[in-house]
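Residue numbers (our numbering), protein chains in the order written: chain Z, 98 to 158; chain S, 98 to 158; chain P, 98 to 158; chain X, 98 to 158; chain Y, 98 to 158; chain R, 98 to 158. Encoded as structure tokens, the structure appears first; notes follow it.
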């Protein structure tokens, strides 16, 4: 049973619903397996850094 | 040092204590290594989807 | 930068290419962020269990 | 659907089978959910370090 | 693009900033790739166990 | 016990040794906890995509 873990920022429940459905459709198509689990992880901008700088700090600029 | 990550719904501290102890006992037995780390991850029903549908939506039905 | 980790069985490079492109397109659309990382993890059927039974054993039946 | 990811060293298929079954039984009991996925990740001793030293180097001593 | 995921206890934003910058510097040096993502995961002491005992319980002693 | 998971390309054992030691030193300094686990995950260029394109395909250009 393929599992898709998405690490991103906070999003609305409507976006989560759409994200989960669309990612699942693609996984079903590619793997040919219909049972798919999607885990959406929401990260605070202070907990993610790109190129050594926290997203929370980039936003202040 | 084996590490066990459990992705599940919210549970009580009593259940976490029991889960950690029992998972550790099994890992010690199978791996023959006594130092085990357990990370319990609690996921909101709006952040998990099975077969393309959020758990939060399934519960409404 | 959202990161998508996919835990599934082995697939061909053509399927990986298609999977990565399609998952990225959806993440860009939902998050409104264009830089997306996709990590495809391929798991041996002896290393995955559903409902307590290894996929490798289910296939033998 | 709870998912259990186990990061450990290489083990035999017999041990994987036993590990998956026992971890699943505990998760079913604690969560009261019968569908459980177990992912067993096998790590080379050169890819794991405890207290700053690779397991591969500890073994040489 | 290497990704570093850190599972630890809660820390201040100042410590997160320092952690992200220093981990990134090392990854850039070792991999020779300048784009690095760092994800800092903060875990409640009731959600982490070492040797079968929750960190939350160890602290009470 | 903080755990650091590094998802990157293949590297030599010498680089793994250096990476593990340096990441551990930083984690000890930031968290004030001396027991640290580092897991180094090596990914094939066909299993990682940035901006929707496999690293394996980018290299061909």
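Each residue gets a CB set at the ideal place from its N, CA and C atoms; glycine is no exception. On a predicted model such as this, the values are computed, not experimentally measured, just so you know.
So with Cβ pairs under 8 Å, would you call residue i a contact of chain Y?
{"i": "residue 106/R", "result": "yes"}
{"i": "residue 121/P", "result": "no"}
Could you confirm whether any beta carbon from chain S is found closer than 8 Å to the beta carbon of residue i?
{"i": "residue 116/Y", "result": "no"}
{"i": "residue 142/X", "result": "no"}
{"i": "residue 103/X", "result": "yes"}
{"i": "residue 134/R", "result": "yes"}
Does any residue of chain Z have a CB that is nearer than 8 Å to the CB of residue i?
{"i": "residue 147/X", "result": "no"}
Should residue i be flagged as near chain X, meaning a C-beta pair shorter than 8 Å?
{"i": "residue 126/R", "result": "no"}
{"i": "residue 156/R", "result": "no"}
By DSSP, does residue i sit in helix, in strand, or in coil?
{"i": "residue 119/S", "result": "helix"}
{"i": "residue 131/X", "result": "coil"}
{"i": "residue 108/R", "result": "coil"}
Say whether chain R places a C-beta atom closer than 8 Å to the C-beta of residue i.
{"i": "residue 151/X", "result": "yes"}
Return no unless some Cβ of chain P is closer than 8 Å to the Cβ of residue i.
{"i": "residue 112/Z", "result": "yes"}
{"i": "residue 130/X", "result": "no"}
Any chance the CB of residue i is under 7 Å from a heavy atom of the ligand GDP?
{"i": "residue 117/X", "result": "The model on display carries no ligand, and the ligand GDP is accordingly not part of it."}
With residue i and residue j assumed to form a contact (beta carbons below 8 Å), what rounded beta-carbon distance in angstroms separates them?
{"i": "residue 139/Z", "j": "residue 107/Z", "result": "4 Å"}
{"i": "residue 117/Y", "j": "residue 149/Z", "result": "6 Å"}
{"i": "residue 142/Z", "j": "residue 153/Z", "result": "4 Å"}
{"i": "residue 145/S", "j": "residue 136/Z", "result": "6 Å"}
{"i": "residue 120/S", "j": "residue 102/S", "result": "The pair is not a contact, with the Cβ atoms about 10 Å apart (cut-off 8 Å)."}
{"i": "residue 134/R", "j": "residue 98/R", "result": "6 Å"}
{"i": "residue 127/P", "j": "residue 112/Z", "result": "5 Å"}
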